Structure formats: structure tokens, C-alpha cells
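So the protein sequences, as listed, match chains R and P.
With my numbering applied, the first sequence covers 3 to 198.
With my numbering applied, the second sequence covers 197 to 784.
Here is the structure we will look at.
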Amino acid sequence: MSDIAACEVSPVAPVATHGELADVVGMSLFLGSGAVLFGSLLMSYAMLRAQQPVWPPAGCPPPPLLMAAANTLVLAVSSVSMARAQIQAASAIRCAGALGATMALGVLFLVLQLPVWSALRAAPQFGLMRSVFLLLAGCHALHLAAGLGALAWVLPGALVSEPRGQQLAARVRLCAMFWHFLGVAWAALFLTVFVF
Amino acid sequence: MHDAHHAEPTGFLSRVVFSRDHKVIAKQFLLLGLLFLGLGGVLALLIRWQLAFPGKPVPIVGQYLFSATAGAISPEGYTMLFTMHGTIMIFFAITPMLIGAFGNLCIPLMIGARDMAFPFLNMLSFWVAAASGVVLAGSFFVEGGAAMAGWTAYPPLSGATATPGLGQTLWAVSLFLGGVSTLMGAINYVTTILMLRAPGMGFFRMPLSVWGLGLAAVLNILFVPVIAAALLMLILDRVANTGFFVSGAQPGSAGDPLLFQHLFWIFGHPEVYILILPAWGIVSDLLAVFSRKPAFGFKATAIAMSSIVVLSTVVYGHHMYTVGLSPGLGKAFMSLTMLISIPSSVLFLNWLGTIWRGSIRLEPAMLFALGVVFVFGMGGLTGLFLGAITTDIYLHDTAFVVGHFHYTMAASVLFGSLAAIYFWFPKMFGRMLCPELARLHFWFTFLPLNLVFFPMLIEGYGGMPRRLYEPTSYKYLVQFQPVNQLITFAAMVLGLAQLIFVWNVARSLWAGERAPANPWEATTLEWLTPSPPPHENFDVIPDVHRGPHEHSRPDVPDRDWIGQWESQAPETPLTPPAPPSDSEAVAV
Numbered sequence: 003m004s005d006i007a008a009c010e011v012s013p014v015a016p017v018a019t020h021g022e023l024a025d026v027v028g029m030s031l032f033l034g035s036g037a038v039l040f041g042s043l044l045m046s047y048a049m050l051r052a053q054q055p056v057w058p059p060a061g062c063p064p065p066p067l068l069m070a071a072a073n074t075l076v077l078a079v080s081s082v083s084m085a086r087a088q089i090q091a092a093s094a095i096r097c098a099g100a101l102g103a104t105m106a107l108g109v110l111f112l113v114l115q116l117p118v119w120s121a122l123r124a125a126p127q128f129g130l131m132r133s134v135f136l137l138l139a140g141c142h143a144l145h146l147a148a149g150l151g152a153l154a155w156v157l158p159g160a161l162v163s164e165p166r167g168q169q170l171a172a173r174v175r176l177c178a179m180f181w182h183f184l185g186v187a188w189a190a191l192f193l194t195v196f197v198f
Numbered sequence: 197m198h199d200a201h202h203a204e205p206t207g208f209l210s211r212v213v214f215s216r217d218h219k220v221i222a223k224q225f226l227l228l229g230l231l232f233l234g235l236g237g238v239l240a241l242l243i244r245w246q247l248a249f250p251g252k253p254v255p256i257v258g259q260y261l262f263s264a265t266a267g268a269i270s271p272e273g274y275t276m277l278f279t280m281h282g283t284i285m286i287f288f289a290i291t292p293m294l295i296g297a298f299g300n301l302c303i304p305l306m307i308g309a310r311d312m313a314f315p316f317l318n319m320l321s322f323w324v325a326a327a328s329g330v331v332l333a334g335s336f337f338v339e340g341g342a343a344m345a346g347w348t349a350y351p352p353l354s355g356a357t358a359t360p361g362l363g364q365t366l367w368a369v370s371l372f373l374g375g376v377s378t379l380m381g382a383i384n385y386v387t388t389i390l391m392l393r394a395p396g397m398g399f400f401r402m403p404l405s406v407w408g409l410g411l412a413a414v415l416n417i418l419f420v421p422v423i424a425a426a427l428l429m430l431i432l433d434r435v436a437n438t439g440f441f442v443s444g445a446q447p448g449s450a451g452d453p454l455l456f457q458h459l460f461w462i463f464g465h466p467e468v469y470i471l472i473l474p475a476w477g478i479v480s481d482l483l484a485v486f487s488r489k490p491a492f493g494f495k496a497t498a499i500a501m502s503s504i505v506v507l508s509t510v511v512y513g514h515h516m517y518t519v520g521l522s523p524g525l526g527k528a529f530m531s532l533t534m535l536i537s538i539p540s541s542v543l544f545l546n547w548l549g550t551i552w553r554g555s556i557r558l559e560p561a562m563l564f565a566l567g568v569v570f571v572f573g574m575g576g577l578t579g580l581f582l583g584a585i586t587t588d589i590y591l592h593d594t595a596f597v598v599g600h601f602h603y604t605m606a607a608s609v610l611f612g613s614l615a616a617i618y619f620w621f622p623k624m625f626g627r628m629l630c631p632e633l634a635r636l637h638f639w640f641t642f643l644p645l646n647l648v649f650f651p652m653l654i655e656g657y658g659g660m661p662r663r664l665y666e667p668t669s670y671k672y673l674v675q676f677q678p679v680n681q682l683i684t685f686a687a688m689v690l691g692l693a694q695l696i697f698v699w700n701v702a703r704s705l706w707a708g709e710r711a712p713a714n715p716w717e718a719t720t721l722e723w724l725t726p727s728p729p730p731h732e733n734f735d736v737i738p739d740v741h742r743g744p745h746e747h748s749r750p751d752v753p754d755r756d757w758i759g760q761w762e763s764q765a766p767e768t769p770l771t772p773p774a775p776p777s778d779s780e781a782v783a784v
């Protein structure tokens, strides 16, 4: 009977308990506050950029668009993989696999930030561009590293210890909320710093 | 998982130091806040000494604190004093006391919850706050001393060129940590209020204290990240040689010092309301309890506080009238600022309506609550002159501003904190404070406080700039020197009077009378539990049957209150209870 019930459970586990709902509320508030943080940084960037007669500033080569696009692609794929982990939370092994892939892509993203960073650092005339990238991408990278830490905490649990089913789904849901938020933040950053 | 009972921890560390119990964390925040309040007060007295007796050696402590200048305060030392006084009082005294201590104590108890939604996060919030306090206090001892750019830290003053010392960097780091702590607390408060209210506790049955604390937490969630962004850029400017706020730090860089001011005040103006909303809520509740009447216009008060929260987000420009804003923008900010008078007046008149013809009990907590009504009235009225561009341009950066914001932020929030302490001390510690000492404390605080801040309004109107090291260096200010000395003597009395409070608390903790569960005959849920409340607060989560201020109901026999947890008027041997149908009719 319980097996049949388990099979009929919808792929993405719904919020089950009052406590889980409180976790989702708390995470949403946190992400709201994170949105204000990135919003403030982007607004500051906009205000500094608006005061320049041309952009990029005179003498400054355009920022490395291709490398940043590769970054964007990797992060987008990692969000898909994160969503897979959420859908397959009922199966610990598959969920762990998808979480592992997400983590690998997250690490790859951080590694791919290095060439962008060194391109900016190498040219001293970058000035304001360098400051903006250090601030925005640095802040994003620190949050992404924290997200990797959270995944590293959830992943072994999926394989070895007690949390199965509902509890694992609840944990993965919180990680996914944070991870997708970082994806959106990067998209805003990519569009404003590298594309336009 | 949040509803389950947890066993009470038994070890010293988990019970007292790294406790996750909101009541213990409240005490920790209270202690932190009071310690910094004392430190900030001493700094204020040193500032006052310099203003009353410029260049004279400070008696007693001067030879130890300022040995290089033979006990006198140097210009740099003076700058450091007022910078650190402001920072400490706002972020490390008032915030931990009202939001940290009473947010933690009141929210779960008043809404009928066993604890906060995230107890571990709550513990972390205190310890990050403590760490940030240590960083700030430690900055006094680094080479070059503590921060010197004013509590507003405007670049380029706070940039690496003007203030190269480590102290200014530590200041920014400390405030950033404080913001992290505040954010953790705020997320906890809002989630707890949204998710953990007892059955029957609708939003319009929550005490106004919870409204005030919850609204302040919403503002914190929205605006702490803005100051965090500004501090991040300031720290990077100082340590990583970026150029956000200063021009020419790097080739091709073109920073903008005004950007910092915008970010600072986008946060800074809501911050004023973050500090005062809890005090408003607490005062609204206390006036009802000690007037033995329902809070007049209860819903209107809650809605007025919420409208102020919304308006407070769009008025920050009134701090920047003199930076060269476009006149159209200035007018918009002025109009929005003036709009705040409407909900503020609703709030204020509701307070008067609550005490009007009440059976007033002048307990110490009530005295301090009435003190808030007075000083907040003074602060609000003087704010009008600063909200209007024409008068602000004259009064900007004068002692008038100092008098104004001390009335609004410092005095009303200090009195709100003291009212809260006198009201909830029995619940927190299970002991009564001595009411006679408390009344003495009130009068020796209230009267000198007005002698400190009212003359500042006059001095500012007379053109005395704030943050002035040597007032007698301007000929037209020499006439104010007796006023400056009067303020300083009043400040000393004010400072000494706090020893009455310290003695009262120490005596009570040692040998105070045991507190009953409900010493004030109040109606909200925290008075249902024993004093102090047990681990997890309530044996059984109470059902809530009525609003928070049901005093002096004619259908309740023999007493002038009925608790939120009581389904009907209690039976007494002398008078037959009122029939339930009547009670229902009045409840509607």
C-alpha cells in the first residue's frame, strides 16, 4: 500500500509540513534580501557608468564577452541539473548524481571566472571596469561558493545517512531555490557588464 | 519539525553560552546592548567635556586616556569620540537592546510560540553581533586609533587617503558583520510571525509590540543589504585600491563620493524607523496596560505604522538637500517627507486617546512610556524644520540636527528600551525591580535629558555647527559657552543617574522580590506563563480568543482585564459571571 502511494507521489515533492513551509518562507526572505544586495550593486554600477562619456571608459578594451558567455552557459546547465536533482529527490542515488553534476558545474564556473579576472587584472587601464567586475562577480562567486558548501552538506546525506524521501526533498528544494537565484543574478550581471 | 518538543539542554555551554533558547539569547543581547550603552555614554560625556571646557584636561580619566596631550582631547581624538559615540549607540546599544533583546523575548512569547522559527540561526545572530562588537571595540587599540570619519563615514573622508588607519577599515568590517547579524535576526522574526502564531492569533490580534518589531524586521530585510553594498565598496576602496567613491585612484577610474551618500541614506532613513518602530509598538501596548483601557484606534495604529514603513523607503533624499540635488527631486522628497506627518499624527493622537480618561497607573514602565510620547513629540515637531528644504538649508549640519535626532532616535528609543526593561524584567528574570528607585531613575533621566537636548536646538538655531571641536574659536559662538556648560552638567547628571538603574538591576537580581506570572495585570500571552517562562514557554500552546488589550470590560466581573488566552470571563465567588452571549456581543 505504501509502495503504491510512493509511486503516485508527484515528481517534485510538495511542501509537506508546517516546518518545511517555514523553511521555504525563510529562504524566500533571504533571497529577497539577496536580490536587494545585487540590485544595490547593479544600481551603483549604473550610476558610475552613467557618469562616463563613453562606455567602456576611454582606453579600455571591451570586457571579454566570449569567456563570460562560456561562464553563463555552464551556470545555465548547472541550474538544469539542479532542477533534475529536485525532480528525482525520491530516488537518493539519482538525486545524488544530479547534485554531484551541479557541484561539478559550479566548480567549473568558478574556474572559468579566473581567465576573465586575469584578463581584467592584466590591463591597468581597465580601472572602473576592474572595480565593477571585482565587486559584482566577486560577490556572486562568494555566494556561489557558499551554495557549493550547502550542496556538499546535502550530497553525502542523500547517499549514506538517514534523510530520505521527504526530508531529502526539503533540503534539495532549499538548495535549488538558492542556486536558481544565483543563476538569475549572474544573468543580470552578464547582460549589464558584458553584453550591453 | 518546528512544532515538536525539544528536551531542555543541560550543559552550561548549551544552556547559557551557545543557547538556542530565544529567552536566553534575549538576555545576551540585553547585556551586550547595556555594555555598549555604557561605553557610548562615556564617549558622549567626553565630547561634552570638550565642548564645555575646550582644550582643558579631562578630570580623573584624562591622564590615562589622553596621556600624549596631558589629559586634553586632541582634534583627532575628538573626531574619533563623536564617530564612535554615534556608531556604538545606533548599532551596538539601541539595536541589540530593542531589536535583539526585546525582539527575541517578545515575539515568540506574545504570539504563543515555543521559540523562533530558526533557533540555530538565532544563536548565530547573537554571536555574529558579539564578534562585530569585539571588532569595533578592538579598533580603539589599533595604530592610529578608531574610525574618525563620522558615523555616516562619507567618502572621501572615509577613504584610504583621508583616514589611512586600520581603525576605519575595522569600522566598516564591524558594521558589515553587524548587518549580517541583523539580517539573520530579521529573517527569523518575520518567519516566526508569519508561521508560528498560536491558533486564533490573527494579525489584528497581535500586540502592537509584535507589529512594531515585525515591521522593523521587514525594513531590515529590505535595507540592510543596501548598506552592506555600500560597505563592501568602501572596504574594497580601502583595501583593494578600487575606485567606487574616489576619483583618480586608478587610471580610467571615476568614482563618485555621492554614490555612497545615496546608498547610506537609502538604508539610513529606514534605519531610523527600524529603531523607532519597536519603541512605538511597545509604547502603544504599555499605554493601554497602564491606562487600563484598550489601545485607542488599535487597527489604525497598526495601519499607521505600516504606512510609515512604506513611506520611509522613499524619503531618504531629505538627508541630502544640500548636496546639489535637482530642485525638482528635492521638492519630491520634501513632499513625501511631509506625508509622513499624517500617519505619525494618527499614531500620536491614538496614544493620547489611549490615556485619555484612563485609570492611569504610574508604574515606572508607564512613566518611561509617557516619556517616549513627550520626546517623540519633540523629535517629530523639530523634524518638520529639517524636512522642509528652506529651513533645512539653514539648519543643516548644526546642533539643531543633533538635538532633533537625539530626541527622535536616542531619547525616544532609550526611553522605549527602559520602559521595556521595567515592564518585562519580571518576566525575563523572575524578579521585581524596586519601583521607588525606578521612579527616581526616571526623573533623573527625563529632566536632565531635556536640559541636554533642548538647548542644542537653540544653539543650532543660533548657527552652531555640529561636530565642532572648539566652539569658542568663532566669535559669534562665544555667547553660547554658558549653554554648552549647562548641557555638559546636565549630561553628567544624566550619566550618573544611570547608576541608580544599574544598582536597581543588580540588587533585584540578587535579592529582588519574586515576580508573579502577571504582575501588571496585562492581557497578552507572555503573562500566561510563569516568570521566568519555562523551556519552550508554554505547557500547552494557548488558544487565542480576543484582541491584545481587553481592559475594563463591563461584562468581566471584579477585575479590569481579561487575557487573550481566556475563552470567557473567569467565574468568581462574589459576582455571577456574565452570560456568554453578552460577552460575545461585546467582543464583536
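We put the beta carbon where it would ideally sit given N, CA and C, even for glycine.
What you are looking at is a predicted structure, and each value in this text was computed from that prediction instead of being measured.
- Close to Leu390 (chain P), with beta-carbon spacing below 7 Å, are these residues of chain R in chain order: Val27.
- Non-local beta-carbon contacts of Pro117 (chain R) in its own chain, meaning distances under 6 Å to residues more than five positions away in sequence, involve Met69 in chain order.
- Ile654 (chain P): member of the alpha helix (DSSP H) spanning 631-657, first to last residue.
- Chain-ordered listing is empty here: chain P has no CB closer than 7 Å to the CB of Leu67 (chain R), the nearest sitting near 19 Å.
- Annotated three-state conformation of Thr348 (chain P) is coil, per DSSP.
- Only residues of its own chain outside the window of five on either side were considered, and among them Asn300, Asn318, Phe322 have a CB closer than 6 Å to the CB of Ile221 (chain P), listed in chain order.
- When secondary structure is reduced to three states using DSSP, Trp757 (chain P) falls in the strand class.
- The stretch 459-483 of chain P contains no complete alpha helix (DSSP H) run of 4 or more residues.
- Within 8 Å of the CB of Met49 (chain R), the CB atoms of chain P belong to Asp452, Leu455, His458, in sequence order along the chain.
- Taking the Cβ atoms as the reference, Ala313 (chain P) lies roughly 5 Å from Ala24 (chain R), within the contact range of under 8 Å.
- With respect to the 7 Å criterion, His747 (chain P) and Trp757 (chain P) are classified as neighbours on the basis of their beta carbons.
- Distance from the CA atom of Trp639 (chain P) to the CA atom of Leu705 (chain P), rounded to whole angstroms, is 23 Å.
- Looking at the backbone, the Cα of Phe225 (chain P) and that of Ile504 (chain P) are separated by about 27 Å.
- Here Leu525 (chain P) is exposed, its C-beta having fewer than 16 other C-beta atoms within 10 Å.
- Gly229 (chain P) and Pro292 (chain P) have their alpha carbons spaced roughly 5 Å apart.
- Contact between Ala615 (chain P) and Ala561 (chain P) holds, with the beta-carbon distance rounding to 5 Å and staying under 8 Å.
- The contact set of Ala484 (chain P) on chain R, defined by CB atoms closer than 9 Å, is empty, because the minimum CB distance reaches about 30 Å.
- Shown here, Arg663 (chain P) sits in coil according to DSSP, grouped into three states, outside any helix or strand.
- Where Ser608 (chain P) is concerned, the enclosing alpha helix (DSSP H) starts and stops at 608-625.
- At least one beta carbon of chain P lies nearer than 7 Å to the beta carbon of Val38 (chain R).
- Taking the C-beta atoms as reference points, Leu39 (chain R) is found nearer than 7 Å to Ala425 (chain P).
- Using a CB distance cut-off of 7 Å, Ile417 (chain P) counts as an interface residue toward chain R.
- The beta-bridge partner set that DSSP reports for His747 (chain P) consists of P:Trp757.
- Of the candidates R:Leu50, R:Asn73, R:Leu33, the residue whose Cα lies closest to the Cα of Val442 (chain P) is R:Leu50.
- A distance of 7 Å or more separates the beta carbons of Thr725 (chain P) and Arg244 (chain P).
- A direct Cα-to-Cα measurement between Met652 (chain P) and Val26 (chain R) gives close to 49 Å.
- Between Val386 (chain P) and Val331 (chain P), the gap from beta carbon to beta carbon reaches 7 Å or more.
- Counting only the Cα atoms, Ser120 (chain R) lies some 27 Å from Thr357 (chain P).
- At a cut-off of 7 Å between beta carbons, Pro678 (chain P) makes no contact with chain R.
- The beta carbon of Phe287 (chain P) does not come within 7 Å of any beta carbon belonging to chain R, so the residue lies off that interface.
- Following the DSSP letters along the chain, one finds Phe40 (chain R) inside the alpha helix (DSSP H) bounded by residues 20-52.
- Residue-level contact by beta carbon holds for Ala313 (chain P) and chain R, with a gap shorter than 7 Å.
- Assignment of Arg96 (chain R) by DSSP, reduced to helix, strand and coil, places it in the helix class.
- Secondary structure of Thr594 (chain P) (DSSP, three-state): strand.
- By the criterion of at least three beta-carbon pairs nearer than 8 Å, the stretch 407-419 of chain P is in contact with the stretch 30-39 of chain R.
- As DSSP reads the structure, Ala342 (chain P) sits in a beta bridge with P:Gly363.
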